[in-house]
Each structure stands twice: as structure tokens, then as C-alpha cells.
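To start, the structure itself, in C-alpha cells.
There are 4 protein chains.
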Amino acid sequence: MSACHVYRFPMRDPDDMSGLADLLDQGKIAASDIKAVFCKTEGNGLNNDWTRHFVDRSVRATIAAHGGGDAETLRRKVLVLISGGSEGVVSPHMLVFAAAPAAGTELGLALGMEIREFAPGDFARRNHSIATAEMVRAAMKAAGAKDESQVGLVVVRAPADAAQGVTSPRVRAAVSLGVAQALGEIAGDIDEAAFLKDFSKFCRRVFVVARDDTTTQQVIVLANAPGGTKTLRIAAGPLRDPLDSPGVAAVLAKLGIDAAPQASPAASARIVASLSKGDPPGNGKIRGARHTMNSDSDIHSHRHGRSAYGAMIASVIGHSYCFVSGGAEHHGPENGGLVALIARADGSPA
Amino acid sequence: MSACHVYRFPMRDPDDMSGLADLLDQGKIAASDIKAVFCKTEGNGLNNDWTRHFVDRSVRATIAAHGGGDAETLRRKVLVLISGGSEGVVSPHMLVFAAAPAAGTELGLALGMEIREFAPGDFARRNHSIATAEMVRAAMKAAGAKDESQVGLVVVRAPADAAQGVTSPRVRAAVSLGVAQALGEIAGDIDEAAFLKDFSKFCRRVFVVARDDTTTQQVIVLANAPGGTKTLRIAAGPLRDPLDSPGVAAVLAKLGIDAAPQASPAASARIVASLSKGDPPGNGKIRGARHTMNSDSDIHSHRHGRSAYGAMIASVIGHSYCFVSGGAEHHGPENGGLVALIARADGSPA
Amino acid sequence: MSACHVYRFPMRDPDDMSGLADLLDQGKIAASDIKAVFCKTEGNGLNNDWTRHFVDRSVRATIAAHGGGDAETLRRKVLVLISGGSEGVVSPHMLVFAAAPAAGTELGLALGMEIREFAPGDFARRNHSIATAEMVRAAMKAAGAKDESQVGLVVVRAPADAAQGVTSPRVRAAVSLGVAQALGEIAGDIDEAAFLKDFSKFCRRVFVVARDDTTTQQVIVLANAPGGTKTLRIAAGPLRDPLDSPGVAAVLAKLGIDAAPQASPAASARIVASLSKGDPPGNGKIRGARHTMNSDSDIHSHRHGRSAYGAMIASVIGHSYCFVSGGAEHHGPENGGLVALIARADGSPA
Amino acid sequence: MSACHVYRFPMRDPDDMSGLADLLDQGKIAASDIKAVFCKTEGNGLNNDWTRHFVDRSVRATIAAHGGGDAETLRRKVLVLISGGSEGVVSPHMLVFAAAPAAGTELGLALGMEIREFAPGDFARRNHSIATAEMVRAAMKAAGAKDESQVGLVVVRAPADAAQGVTSPRVRAAVSLGVAQALGEIAGDIDEAAFLKDFSKFCRRVFVVARDDTTTQQVIVLANAPGGTKTLRIAAGPLRDPLDSPGVAAVLAKLGIDAAPQASPAASARIVASLSKGDPPGNGKIRGARHTMNSDSDIHSHRHGRSAYGAMIASVIGHSYCFVSGGAEHHGPENGGLVALIARADGSPA
């Protein structure tokens, strides 16, 4: 069982590893404690953007140089999630998730990780969902979560293979529904026919990225579990559309933070991480009003979507360290998405 | 003295004049009642976008075809303000401002208009500010506003001449400060040295667009004045930055609408118009966090800025008919902007 | 039988109708002589660009204002082809094709036009091809072309209906193959199975644009026919890829112009019109070298393609009035395209 | 004195180091032989593009891993020039310049390198020009060039410091004019007043990149000198504008290759490298025809310019491995640029 510490660092540029390096240099954590590093970077976040690869390499090189072992091996051991595109108010930043010994029985932020190899033929199939559900259960156990209700968010870096027709959207669908099943959010068997079709089935506590560079799937469960880091709590919830500030406020309320319409400066400072998924509504409308995010030939819909969700969430939490991500298939309700927030307890040190 | 009616129509595409045409066909108003038409359209809103010219022509042709007289003459008589760029959640729409006879002494939405020719040599000079202040005072009188406190927003379509070095930012500076003086928001003489330099001087109730196609300046004062349209009210206020949802909520509060964090569906439906100005902060930061809106080589900073302000405002007012506009020099505090909202009184018919 | 005059005007901006207006004002031609107006304009030429609609309206309004009758009726009578996107060196310009009485028996530029209504159910089907072939034969007759060898280029403005799944590429396929059959460039029956599949079937003298705004198809045959304008000649030929400067030179050679590598200034000045079709090769390669035009998330492949073809053609003909257009399905060889050039005879007045 | 070998490798993606790695693995050259590596990569090549940094790091890591010593030290020893933006037909590729022992007295491709530190206060000042001229003379000597006429091209990676107002254009101006003086292309003293002002002063054989990441300047002279690689020759020449295919043909002619309009396949295969500089003409015209490359709000002028020059050059040399670069201040005539080509002698092995 692992308690989980979370560190957030602003990034001056995509290659700014100073926060991570300092953390390791100062001995606050050991390289081997690091379970995940998320970076929200500049660049367009689309298929001609190599910022992602650049930063992925820099992160692993930095950990390796601080006693983390071989940079190549770290690919498998650490969930490195680089997400390009800091549109609008979104501020480039890094989140480091580090394991610590569990202590006591009080609830606090805990982390469990599970890693498995997948056969390309299984990608985005029913088996992928089923195996993902198993991984979630194992990671829950590793996190020390007593039951599904203690789970805050499940983060998955999943393998895709666009060259073989296994597209990222389909992988995200298979994985999200597997997580939803493991968390008891959907009932019954996984049916492939629902993938990218039946959006009434979705997960409220999942964040999947699909990547073509691997056959390894990494699953991390973040939970409020006995023995976790007492000063940190996680909560998540669905967003019905890109205007759903009440949805964000509802998640903040679970963390004891009031936003009417915005968290106070003191409360805002307690919000360590905001992880969200959401896309421009595919039906071309938001509450009946036409939007143009899917028909703008000059700006990709993903860039519009990240900007919109980022600005809305930031306007509620009071700062712009928002890890926004597109590709929200079966993540929250159709035409919507979800947000997870991690906050320090009131009065705990920054 | 003129009461003011405001009509809002969604636009299916930039050439969708159906709302305006129906309004005139059905005889709800006469063509000669129309004082202003604002359209928030698709396109990039930048200098290679001709959507603006296209829609400007369509609006005038529609009014002309409904008894409004010559389309060319309408340029001067009607303030046609086409603003390109419906980024993110922002929904393309049209706002029609029509004059009606003033009635009674109760406060309600009123409109006063003033039109003047300017000599190119005066554009963006101190004289421009001074003449603008005079125009505001005349328009206030036309609107029947008793004093500055009754003024909700001053909209100005001002002449610029980039070819002669009279840039739009400088025109907006000169005009904003002229309006600020007329409204008593700044004291003392207008000093050209403050233009685009001293951003501690600004106006809280102004919306200026500068256009290279004219030497005519049109000023419209929207006020809550005796005899105005009783069912409509206007309020405005500054926004400290693109995250300032509390600033939007404060304006809503003046209209009797609660947003914690968002106006209820019923209250949201009462909000007829949202007019805002704001740019990506020029210092590259929002509450200390770096943003990348000014260094993204693929998306213009204006497009980032409109998306950010639109998403934030929409998340408070509960719908996405947000008339967002960049070029906010001396409009609200430095690195911020302002918003004006027009709402129907509770219980008044849609 | 109609001789054909061609006028080319630079456009200072998309609304610059001065060339066309002067032509009519000066009485060089009558409004009723105008059979086609082509404009290569700014804007991105993609689906959020309304420059096209703006210019289309301006062209018709200008002709109408000069005795051309009702602007709406002109939609059917005149082939107005507005093509957005003047990327790279390409210079915005207008081409006016006007009919004149045929005279004598010497060969010269002649024009024949045919207009028909289509039922939406027939769009992009075999019937569309067959009817197009009939229209080409009728237009050839109208142009006075003795046989297929006298045909220089067939320009078609064809109806599409994307909302009903009749996409522009499919319409261009059906129409191109219909033209190819009429010109004897392909043998045998039209087979729908070849549309967008069998690119070994193609036409070498066709320029199709598909538009969602109409059910009318307009076909214009430009030919070197007896009685045509003696001082003008047209020639066309295939381009194997975006580097095919020898292909352009081969077309110039048919017009008696040498390009080794470029037409001389005097010869360049004789080249009145350059009409080309071409796309970035779909196989991702040009002569074995990878290109990135189809995977650049910031610039649309159509924009890359127009820039590439425009620069190559301009470098051969010696000026940048190149009417480049994407959407070259079955226009010239697979992964290539075609070009048609109209030039004045040596010594004829400009 | 060093003979110079040149290797060209296509790049499947920006991180594709396979060509370089194979070259070293197979022992064709030693890591210490490498004097320069140029990569033309994807990405937008603008200020939010980190492809450049990514590839720079990959190149040095690859050399380091093959016995090249410390990757950081290689920054100074090897001129690594990563140029982002493979617009239009331009194909991503790598050029490796390796030194070999000089042999004999026959003319052939030779390379001389000179490296110096600069004080930031000297960047882009007259001293920068003068020191650059000294470096060129030293590098000429190192290359074994008898006189200026043997110099083919001078490549400079120069330090800039935008944060201190020392912009890249100004650095390129200072350096180009220094090179021009050393090569005897301009007479008299260097006058700072000419920088970015008097474009009648320019160099015909220079390729400068300015970078903010260094205080080191690297100068490489490529010459046809006694003892150089007999099978390779270099030639360069000015381009009057982006249509100047005759300018490219003139350079090919110096290498014994005919292009009328295009090098034959066999001759094209002999052309190993094409290095060019050119921008969209700043006067907004090309041979009197308006272009829109500098007013397109969606595509940066650098991207338009690289696409245009790349397509034109490729259409003459017959392939698309064109190392195009913008920022051509004082590189060739005003509103134009220059091109240098390296070709194998007829009959020499590929």
C-alpha cells in the first residue's frame, strides 16, 4: 500500500525539468518513488507535434540521471504522460506522483499501479476492457482502497496501433468501459458494440490516453484510502458540457471548497491538480446554441476544446494549472466530460 | 429620448439574416427604428478575413430591402458592428438594437446615438478623445440619462487609418479615455502621453471598435434611464483577468441574477446580451502562471483571447451567446477587460 | 458559335471589382457577353471561409449593375467560379470569359456553354457522368469545335450535396470521367466502381468544381476552333506530380512558347491564364521522397497543395497569376494533376 | 586542409537518426570526422516549435553514442543546424558533412571550420561583422581555398540574444555583410547603418542562422579547393525572387547540369544538397503581382516562403530534398535570396 505525494511545478518551456531535478536533488523523494509524471506542454498536441516526444525523453533522462536507472527501462516503470497543447489560459506545468509508505488508518491520497503487456490483436477489443478491469482491481488493492467508493480517478496509458486500424478513440472507449465496470459504474458484460456508439455507457472517474509507441498498459488508481497521505484528497465528477461550471463546483464541494463562482485565493492555492477530459460537443451545439469548434479549418477541434474546458475550469478553481485533455470518449456523459481535482486539506502546508 | 429594444438571433452561417428579416417582415419594428446591429461571426477575425465585409453588406442590404433606404447611406445611420471569430464555445449570433418611444418615468433600457465626421489628422489624437467625450454627453442626453450613473455601456465605432500610422490600438486608447472622461471615470485633462502607456487610466463602461473603412464615428449610449424599456436593464463592470468569473457574477448581481457559480436556467434565459472586451495578458502571466497565448505561432493571440474570455463568461451566464472582442486597450484594468450584460426583468416575456 | 475573349485583372482585395466594372463601363464588352468569371481569392479556401460567397455576390452584383439583369438570375447564366486560397506566390486575380461573334475559318479561342438542372438523386452517379458527357458534346458544338482534338479545356461547375452524402470528391470523379468519355480519353462505359478507386482512368482536359449551393450544372468548353479569337490559343496537359515543370513546359510548347527553364519576359506576358488542378500526393511521397503536406495539423493539405503547384507553375510561366485548385480526383494521373494555359499569339496586342 | 564528404539521409520522422547511426556503425566515417549536421525537419519552424531542440539533442546523442565524446561538448565542435518547417514538397532530410584527408591538387569539395566565442555586447554590431570576416578568412585557409573564387558557400551558426534586443534578423545582417566583405563581394568598410536598411549590399554565398542558445559562432567554408573530394563540387548563386528558376538553372550550369526546365533523372540524382535562403518579398509583390504571404493571419510568412522557394527549386533540380530557410536579410538581392547546390561529378558513384 502506498501513500501518494503530488508535486506541481510550472514549466518555463517544454524542456524545463528544474522542478523535478530539484525535488530529486534535495532528496525530498527518491527516483524510485516516482510512479507517474504528467506534463501539460506547449505545442499543438496534434500529430505533427514532437514536443511530446521531446519532453517524454527529458523526463526520463532526468529521473535516470538522479539514480532512476536506465532511461529506456523507465518507460515501463513510470507512467509518463505528456499532453501537448496549453491553449488559452492553460499554463504549462508538471505533476509528479510519488509513492510513500502508508501510515495509519486515516483516509488520504493513495496510489496503486499495475502494468501489463498487451498483444496488438487485443487492443481495443472486449478483452482489452476485461483485462483493464482486472488491472484496476489489482491497482485498487495496491492502493489500499477498501472499495470502489474510495477511488478518485483511474489514469491509464494504453497501447494503440493506428497503422493497424486500432485508433486512439477506440482504445479509449475499450479502456474507459473496462474501468467503468471495475468501479461498478456500469452493469453487465462489456459489449464491443457499445464502443464509440452507445455513449449512455461511460465512466465518471477515468483518464485514458492512448499511445502508438508501446504494447504496455499502465494503470494507476488514485484513491482516498486508509493510510494514504492525510493532507491530500481527490474527488472527481462528470461535466455535462464545456459550460458546466456547476459540475466543477460540485467536485470542489466534495473537497470542502466553496466556489460561488470561484474558490477563494486561499482555497485556490490548496488545489494541487486538475485533470480533465472533454471535447467540443459532436452534435455541434452547446445547450442549443451552435458552436463552430468542429468546422474551423484553421484551428483543430482539439485545440478549441482544450481552450474551452481549460478556461471554464480555471474560472472556478481560480488558477490555470489545468491538465486538460481531449479524447473523452465514454469519459463522462455524451458531449461532456469529467474533471478530477486533488486538493490539500485546509491548513496543511503547501 | 428613446427606449431601446434588443433582439438576439442565432446565426446558422454568416449570411443568415433570417432573424433580422423576420423581425422586419412581421412588423415588430420598422427599418428606421434600427440603430445598431452587432454580429458575432465565424472566420478568424483577423486581417485576412472577409467575413466581416460580407456580413456588413448583408445586414445593410437586408435593412435596405425592408424599407430602410439606400444600403450605402445606412453605413452612417446604423452602427453595424461585425466582429469575426467565434472561438471555443462562443456561438455566432446577431443583436439588433431598435429605438422605441420613451414612455413614463420608470427606469429602463434607453439608447442615445451621436454621429460625427472626423478629419484623418485628428484620429487617435487628444482632439479625438475630447470630441468623443462631447459625443458621449450628447448621446447621454439623447438617451435621456440623468447622469453618468445611469449609463450602462458606451459603444463606439471609430475611424482608424493604419496606412497613415493611425493604428486601431491607438484609436481605441484615445476613444476609451474620452469616454472615461465623459463618464467621470477619470479626472483631469486627456494626455496623449497616456495612450497605450498608462494603463492605470481606463474606462469601465466602453466598447470601442476601430475601423479603417470610414471617417465617421458613431457613438451609442446604452443607459438605464427614465422612460426606457422597463423590461430590460444593463450593467457593466471590470474584469481583472481572463479568470475573473467573480467579476462577471458581480455584474449579474447588479441585474438581480445570482451565479454561484452559474445563473440558473431561468435566469440564464433572461440574459439577452453579453458584450465583453479582453486580451491575453501582455505580461505573459495570469495570477502568476505563465500562459502561451502570445507566443503560439499557429493561433493568433486574439483568437486565444476570445476563446478564453468567452468560455469564462459563458460558464457564469449559462449560455454561449457571448459577444467577445479583443483590443481592450484602456478597457478595464491592465491585463484585464470588462463585460456588459443586458437582461430582462424577472417575469418579463422572452 | 462563339469566339472567346479573355480578360485578366489583378485584385487588390476580394471585393475589388474595378477591372470588371471598367471593362463594362468602357463598353469593351456587354454584360450579356459574359459567360464566365473566375476569381482566385484570398482566404483559406476551406469550409470556414466566406470570402467565396462574398466575391460571388460582388461579381454578380457588378454585372447586374451594368445591364446584366437580375443578380440572382445570373447565378444560372454565368459560370461564376470563386476559388479561395492564394497560397505562396499565387496572386489574387480575376479572369473574365466573354463571347464574341465567330468570324472566318481560322482557328482561335472559342467558347461553348451548356447548362442543365440535375436531380439530387443523380448527383455523382453514373447518370451524372453520362449527362455530363452529353453536355460536353453540346458545348463543343456550341463552341464550333470540329472534333475532340480542338478542345483545350472543359470547365464544369457541378452540383454536390454533402449533407446527403454526395461529397465533392465523388462529384468531381463522376464529372471528370464523363468529360473524359466525351473527349475520347477513356474508352467503354462509365463504371461507378471506378469513382475514387481506379485512378488509371482520368481526364487530361477538365477542371471541375463541385458546389453545394445549386442543382444546376454549367459546362464550358474552351476550344481552338474555326472562327474563334485568332489571337488567343489554349492548350492543356497532364502533370505527373507537383514537381512536373517539364509537364508545364510541354503545354507551353504547344502554344509556341519555350521555357528552359522559364518563359522569357515577353513570352510570359503573352500567357493570359493558367488553370490547374493538383493535390498533395496521397501516397505521401513525391518521386520517392516523403512529403508532409497531409500530416501537418496546422496547415490544411489543400493549402499546401495549392502553394506547391502554384510555385512550380509560376516558375515556368514566369508570373504568378496561377489559378490553382485542389480536388483533382481523376484530373490527370494519380498523385498528379493537369494544367491548361491560354496565351496570346506572338505579336498580338495585350 | 580537409576534403569534405557529404551524406544525405531521408528522415522518417524528426527522431530518425538511422542514417547517421548506420554511417557511424558501418565505419564509413568516424564520429570525430563530423563537422556539421543539417536537418530539415517537420514542425512549423517558428517560436513555439520544439522539434528543433528535440532533433538537436538526438543528433548530438547519436554522435556521442558512437564515440563522439560528450554530447554537451559536441555543441561547440559540430555545427548542428536544425531547421524546422518542411512545407509543401520539401522532404525532411539530414545532411552530414564529414572531413577527410586532403589528397592531390585537383579541385574538389573541401571544408574549413572556425569557431569563436563572442561577447553578447558585440552581437550584431560592426565588430560582429569584422570578426566574422576574420573567421571566414581562417576557415578558407583551413579549407585550402586559394582565393575567394574557390569558395562555394559560407555557413554560419551565429549567436543572437532576442531578450537583449539583439534580434535574429540583425545578427544575420551583420554576419552576411561580414562574409560578403571577406569574399570580396562588397567593398569598403562595414557600416552598421546598412544593417537591415541598405539591401543593395548583400552576399551571394552565405547561409546564416542565428540562435539564442549560445555565445559561440561557428563558421564553415565549403569550397572547391585543391585536394578536396574530387567527386563533389559546390556552386551558388543569387535568386532575384521566388520565381527565379533561371537562377537555379544558372547554378546547376556551373555544376555541368542542364535544366530546361528540369535536370534529367540521372542528373537530378547527382544533386546531393540544395541549401537556400529566401523570404516572401517584403514589398508585397512578385514581378508586379501582389502576393499575400505577409498578410495571411493563419499561415506565417516564413511557412509560405519556405513552401514557395522549395517548390520552385525542386521543380528545377528534380527532387524535393531542399534545405530551404527563411531569414534571408542581405542574402542575395532584396526581395530575393540565393541557392547553393552540391553535386557529384558525372559518373561518380552515389
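If you're matching them up, the sequences are chains B, L, S and X in order.
Note that the numbering used here has the first sequence beginning at 1, numbered continuously upward.
Note that the numbering used here has the second sequence beginning at 1001, numbered continuously upward.
Note that the numbering used here has the third sequence beginning at 2001, numbered continuously upward.
Note that the numbering used here has the fourth sequence beginning at 3001, numbered continuously upward.
Where is the CB? At the ideal position from N, CA and C, for every residue including glycine.
These figures come from a predicted structure and were not determined experimentally.
- DSSP places B:Leu-177 within a helical segment (H, G or I) once states are collapsed to three.
- Residues of the segment 1031–1049 of chain L with a Cβ closer than 8 Å to any Cβ of chain B, in chain order: Glu-1042 and Asn-1044.
- Under the Cβ distance rule, L:Asp-1161 does not count among the residues neighbouring chain S, no pair being separated by less than 8 Å.
- Setting aside the 5 residues that flank it on each side, L:Ser-1301 is surrounded in the same chain by Pro-1280, Met-1293 and Asn-1294, each with a C-beta closer than 6 Å to its C-beta; the list follows chain order.
- DSSP places S:His-2066 in the helix class (H, G or I) of the three-state scheme.
- Residue pairing by DSSP places S:Asn-2224 opposite S:Leu-2109 in a beta bridge.
- Below 8 Å, enough C-beta pairs join the segment 3106–3126 of chain X and the segment 3221–3228 of chain X to call them touching: three or more.
- Closest in C-alpha terms to B:Ser-86, from the list B:Ile-63, B:Lys-40 and B:Glu-72, comes B:Lys-40.
- Across the structure, B:Arg-60 and B:Met-11 are spaced so that their CA atoms are roughly 16 Å apart.
- Secondary structure at B:Val-219: strand, using DSSP grouped into helix, strand and coil.
- Where S:Tyr-2007 is concerned, the enclosing beta strand (DSSP E) starts and stops at 2002–2010.
- Of all C-beta pairs linking the segment 3169–3177 of chain X to the segment 3208–3218 of chain X, three or more are shorter than 8 Å, placing the two stretches in contact.
- Measuring C-alpha to C-alpha distances from X:Asp-3191 to each of X:Arg-3126, X:Ser-3018 and X:Thr-3062 identifies X:Arg-3126 as the nearest.
- Listed in chain order, the alpha helix (DSSP H) elements of length 4 or more contained wholly in the segment 3037–3102 of chain X are 3051–3063 and 3071–3077.
- In terms of beta-carbon proximity, S:Ser-2325 stays away from the interface with chain B, with every pair separated by 8 Å or more.
- Cβ neighbours of L:Ala-1250 within its own chain (closer than 7 Å, five residues either side excluded): Gly-1237.
- Ranked by Cα distance from X:Lys-3077, the first of X:Gly-3088, X:Ser-3091 and X:Phe-3097 is X:Phe-3097.
- X:Gly-3104 counts as exposed, since fewer than 16 other C-beta atoms from the protein chains shown sit within 10 angstroms of its C-beta.
- The alpha helix (DSSP H) runs of length 4 or more contained entirely in the segment 3146–3200 of chain X are, from start to end of the chain, 3168–3182.
- X:Ala-3269 has its alpha-carbon roughly 30 Å from the corresponding atom of X:Lys-3146.
- Under DSSP, S:Thr-2229 takes part in a beta bridge, and its partners are S:Leu-2109.
- Going by DSSP, X:Leu-3024 is part of the alpha helix (DSSP H) stretching over 3018–3025.
- Within chain X, the residues placing a beta-carbon under 7 Å from that of B:Thr-51 are Trp-3050, ordered along the chain.
- Residue contact check for B:Met-17 against chain L: no CB pair falls below 8 Å.
- The residue from B:His-304, B:Tyr-321, B:Ile-317 and B:Ile-299 with its alpha-carbon nearest to that of B:Ala-253 is B:Ile-317.
- Taken in chain order, the members of the segment 284–312 of chain B whose beta-carbon sits within less than 8 Å of a beta-carbon on chain S are Thr-292, Ser-295, Asp-296, Ser-297, Asp-298 and His-300.
- DSSP lists L:Cys-1203 as the beta-bridge partner residues of L:His-1331.
- Beta-bridge partners of B:Pro-238 (DSSP): B:Leu-338.
- Here the segment 171–191 of chain B lies against the segment 146–163 of chain B, with 3 or more beta-carbon pairs under 8 Å apart.
- Following the DSSP letters along the chain, one finds L:Ile-1271 inside the beta strand (DSSP E) bounded by residues 1271–1278.
- Taken through DSSP and simplified to helix, strand or coil, S:Lys-2035 comes out as strand.
- The Cβ of B:Tyr-7 sits no closer than 8 Å to any Cβ of chain L.
- Any Cβ of chain B closer than 8 Å to the Cβ of L:Ser-1320 would place that residue at the interface, and such an atom is present.
- For L:Val-1151, no Cβ of chain B is located within less than 8 Å of the residue's own Cβ.
- Contact of L:Phe-1199 with chain S is not assigned, every C-beta pair being separated by 8 Å or more.
- The beta carbons of B:His-93 and B:Tyr-321 sit about 5 Å from each other, so the pair counts as a contact at 8 Å.
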